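In this text, residue positions in the sequence shown follow the numbering used here: the first is 935, and each later residue adds one.
Here the structure is laid out as structure tokens; the discussion comes afterwards.
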Amino acid sequence: MTTKCVDDFRLKLGARELVPIMIGGMGVDISTTDLALVAARLGGIGHISDAMLPTVADRRYNTKFVKQKLKKYKYNVENTDKSEIKFDLGEIDEATRLHVGKAMESKRGEGMIFINCMEKLTMNAPKETLKVRLNAALDAGIDGITLAAGLHLGSLALMEEHPRFRDAKIGIIVSSLRALQLFLRKNARTGRLPDYVVVEGPLAGGHLGFGLDDWNKHDLATINAEILAWLRAEQLDIPIISAGGIFTGSDATRFLEQGSGAVQVATRFTVTDECGLPDEVKQEYFKANEEDIEVNGISPTGYPMRMLRGSPGIGATTRPNCEAYGYILDSNGHCAYIDAYNREVAAHPNEKKVRIYDKTCLCTHMRNFDIWTCGHYAYRLKDTSRQDAEGNFQLLSAEHVFRDYQFSKDGKILLP
Ligand SMILES: Cc1cc2nc3c(=O)[nH]c(=O)nc-3n(C[C@H](O)[C@H](O)[C@H](O)COP(=O)(O)O)c2cc1C
935 MTTKCVDDFR LKLGARELVP IMIGGMGVDI STTDLALVAA RLGGIGHISD
985 AMLPTVADRR YNTKFVKQKL KKYKYNVENT DKSEIKFDLG EIDEATRLHV
1035 GKAMESKRGE GMIFINCMEK LTMNAPKETL KVRLNAALDA GIDGITLAAG
1085 LHLGSLALME EHPRFRDAKI GIIVSSLRAL QLFLRKNART GRLPDYVVVE
1135 GPLAGGHLGF GLDDWNKHDL ATINAEILAW LRAEQLDIPI ISAGGIFTGS
1185 DATRFLEQGS GAVQVATRFT VTDECGLPDE VKQEYFKANE EDIEVNGISP
1235 TGYPMRMLRG SPGIGATTRP NCEAYGYILD SNGHCAYIDA YNREVAAHPN
1285 EKKVRIYDKT CLCTHMRNFD IWTCGHYAYR LKDTSRQDAE GNFQLLSAEH
1335 VFRDYQFSKD GKILLP
């Protein structure tokens, strides 16, 4: 058994040396600024998320972006066709600058704050909206950008004119060697390699980069080794950051010993004070058993997603809310949830409310914390804290969990 712990390693990113713990992005505002600030203060890397920033800004900074958009498109609320609903690029820019700016001005310590940017939020104008989001984050001083969910075949080009394009850290999340190779090939023209590659296995939370039927035939260690070997053979000196199901400091140490530059972790931080989920929802995460966790196909993005079976957003009656949100509308103004909803309404003409089981209105339900996405090992969260006489678990500080990852050995988990 190894005598080492995570703190015996450092992640080198250019001239920087960091504690090799990265807290993964968790949309929508589940990985809050406060959570990212803790990671940065302790010398690691935290993520904020760029998902639905106009609504996040409304909630946090008293802007009125959603109200303005809804007012503009109110005439369309009853219409089943949502293709006319567009975002105002100036507002996306403003919301991104606000959120990123606040995080960066509060940052203390030796660590870094990155933003998790989901290409799959196509916003009825994929290129234009992504370009604004990426460049606004760079303008507002973000330390780095993690390109997530999607292949990002043209994303680097969208920021290559930015003066910080070569100085900010840019990474990509992949779940296979093939996806990495494709990304490198398609972005070669920009003459810029990613500064890090997050290798995310099938036990992660959020959306998965695997098929609904085959995710359980893959494992992180194998994909990780494959990508490491290939990078070495190609003499590409890019650190890889392993993610998905790394639950203890010892799990993390094992990946670092095998050559990973760092780990990305998330689920253990869902039950911290700094996490954006409501406290009652954090208790649901704590209390979850293995059979309460499923991987399903209800996300309209087309990617499988892992979540608690009891998520209120499953089988809900929500009318598509694209006039207010509309983040998943593709370049033709389509979202798979709209089709599912319209189909059910047509099939039950006499019912006031119909329940939709095969898809969910992800915008509405992620915004309201009603899709309880989590990693596979969420059922072990109960082993990370103490329960009171009423059966409620004590929330943890993010610092406690971070330090536990950093210093623990022998598969142990430090209780509060
Ligand atoms: C609640 C939650 C929300 C997440 N949301 C996102 C997201 O918006 N974008 C993303 O790239 N990954 C997302 N993830 C994945 C994490 O960033 C991370 O890579 C993964 O969950 C790590 O595995 P672990 O949770 O087993 O530690 C999310 C994970 C969780 C638990």
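A virtual CB, placed ideally from N, CA and C, is assigned to each residue, including glycine.
All values derive from a computational prediction rather than experimental measurement.
Are residue i and residue j close, meaning C-beta to C-beta below 8 Å?
{"i": "Asp1080", "j": "Asn1050", "result": "What sits at residue 1080 in the sequence shown is Thr, not Asp. Yes, they are a contact pair."}
{"i": "Pro988", "j": "Glu1025", "result": "yes"}
{"i": "Val940", "j": "Gln1321", "result": "no"}
{"i": "Ala1177", "j": "Glu1208", "result": "no"}
{"i": "Val1197", "j": "Ile1180", "result": "yes"}
{"i": "Val1066", "j": "Leu1023", "result": "yes"}
{"i": "Lys1016", "j": "Ile1272", "result": "yes"}
{"i": "Lys1316", "j": "Phe1220", "result": "yes"}
{"i": "Gly1309", "j": "Thr1201", "result": "yes"}
{"i": "Asp1304", "j": "Ser1245", "result": "yes"}
{"i": "Ser1194", "j": "Phe1144", "result": "no"}
{"i": "Leu945", "j": "Pro1283", "result": "no"}
{"i": "Asp1292", "j": "Ala1274", "result": "yes"}
{"i": "His1086", "j": "Glu1053", "result": "yes"}
{"i": "Met1241", "j": "Thr1307", "result": "yes"}
{"i": "Ser1265", "j": "Pro1060", "result": "yes"}
{"i": "Gly1267", "j": "Asn1058", "result": "yes"}
What residues in its chain sit with their C-beta under 8 Å from that of residue i, if we drop five residues either side in the sequence?
{"i": "Gln1217", "result": "Asn1326, Phe1327"}
{"i": "Leu1111", "result": "Ile1157, Glu1160, Ile1161, Trp1164"}
{"i": "Pro1238", "result": "His1141, Leu1142, Phe1144, Gly1145, Leu1146, Trp1149, Val1229, Asn1230, Gly1231"}
{"i": "Thr937", "result": "Lys1343"}
{"i": "Tyr1313", "result": "Ala1222, Asn1223, Glu1224, Asp1226, Ile1227"}
{"i": "Thr966", "result": "Ile982, Glu1208, Cys1209, Gly1210"}
Give the straight-line distance between the Cα atoms of residue i and residue j, rounded to the nearest whole angstrom.
{"i": "Lys1120", "j": "Gly1084", "result": "13 Å"}
{"i": "Glu1257", "j": "His1152", "result": "39 Å"}
{"i": "Trp1149", "j": "Val1335", "result": "28 Å"}
{"i": "Glu1018", "j": "Tyr1261", "result": "13 Å"}
{"i": "Ile1107", "j": "Gly958", "result": "11 Å"}
{"i": "Thr1124", "j": "Ser1089", "result": "10 Å"}
{"i": "Gly1247", "j": "Val1279", "result": "18 Å"}
{"i": "Leu1349", "j": "Thr1318", "result": "6 Å"}
{"i": "Gln1002", "j": "Asp1185", "result": "47 Å"}
{"i": "Asp984", "j": "Leu1296", "result": "15 Å"}
{"i": "Pro907", "j": "Pro1136", "result": "The structure shown does not extend to residue 907, since the chain spans only 935 to 1350, so no value can be given for it."}
{"i": "Gly1139", "j": "Lys1286", "result": "34 Å"}
{"i": "Phe943", "j": "Ile982", "result": "24 Å"}
{"i": "Ala949", "j": "Gly1035", "result": "24 Å"}
{"i": "Gly978", "j": "Pro1128", "result": "19 Å"}
{"i": "Thr997", "j": "Pro1234", "result": "28 Å"}
{"i": "Leu1329", "j": "Lys1346", "result": "19 Å"}
{"i": "Tyr1130", "j": "Lys1103", "result": "8 Å"}
{"i": "Ala1270", "j": "Gly1236", "result": "8 Å"}
{"i": "Ile1263", "j": "Leu1211", "result": "Contrary to the premise, residue 1263 reads as Leu rather than Ile in this sequence. Taking the straight line from one Cα to the other gives about 25 Å."}
{"i": "Leu1114", "j": "Ser1331", "result": "35 Å"}
{"i": "Glu1324", "j": "Asp1226", "result": "21 Å"}
{"i": "Leu1072", "j": "Thr1056", "result": "20 Å"}
{"i": "Phe1189", "j": "Gln1169", "result": "20 Å"}
{"i": "Arg1253", "j": "Arg1337", "result": "43 Å"}
So, at 6 Å on beta carbons, what are the nonlocal neighbours of residue i in its own chain, with the 5 sequence-adjacent residues on each side left out?
{"i": "Ile1047", "result": "Ala970, Ala974, Gly980, Ala1037, Lys1041, Asp1077"}
{"i": "Phe1099", "result": "Met1093"}
{"i": "Arg1289", "result": "Gly1249, Thr1251"}
{"i": "Met1300", "result": "Val962"}
{"i": "Leu1004", "result": "Glu1257, Ala1258"}
{"i": "Ala902", "result": "For the chain, the structure presents residues 935 to 1350; residue 902 sits outside this window and is missing."}
{"i": "Thr1014", "result": "Asn1276"}
{"i": "Leu1032", "result": "Ala991, Tyr995"}
{"i": "Val1199", "result": "Ile1180"}
{"i": "Arg1243", "result": "Asp1226, Glu1228"}
If I measure Cβ to Cβ from residue i and keep anything under 7 Å in the same chain, skipping five residues before and after, which residues do I get?
{"i": "Asn1255", "result": "Cys1295, Cys1297, Thr1298"}
{"i": "Ala1082", "result": "Gly959, Asn1050, Cys1051, Met1052, Ile1107"}
{"i": "Glu1333", "result": "Val972, Leu976"}
Does residue i have its Cβ less than 8 Å from a Cβ in chain D?
{"i": "Gly980", "result": "In the displayed structure, chain D is absent; only one protein chain is listed."}
Measuring only from the beta carbon, is residue i closer than 7 Å to any heavy atom that is part of ligand 3?
{"i": "Cys939", "result": "Ligands in the displayed structure: ligand 1; ligand 3 is not one of them."}
#### Entry: In chain order, each beta strand (DSSP E) run of at least 3 residues that lies wholly inside the region 1216-1252
1227-1230, 1239-1242
### Inside the region 1042-1085 only - beta strand (DSSP E) runs reaching at least 3 residues
1046-1052, 1078-1082
### Task
Within the region 1315-1348, note down every full alpha helix (DSSP H) run reaching 4 residues or more, in order along the chain.
1332-1341
### Message
Give the list of continuous beta strand (DSSP E) stretches no shorter than 3 residues that lie fully inside the region 961-985.
### Response
979-983
### Task
Only counting runs of 4 or more residues, tell me where the alpha helix (DSSP H) segments fall wholly within the region 1100-1156, in order along the chain.
1111-1121
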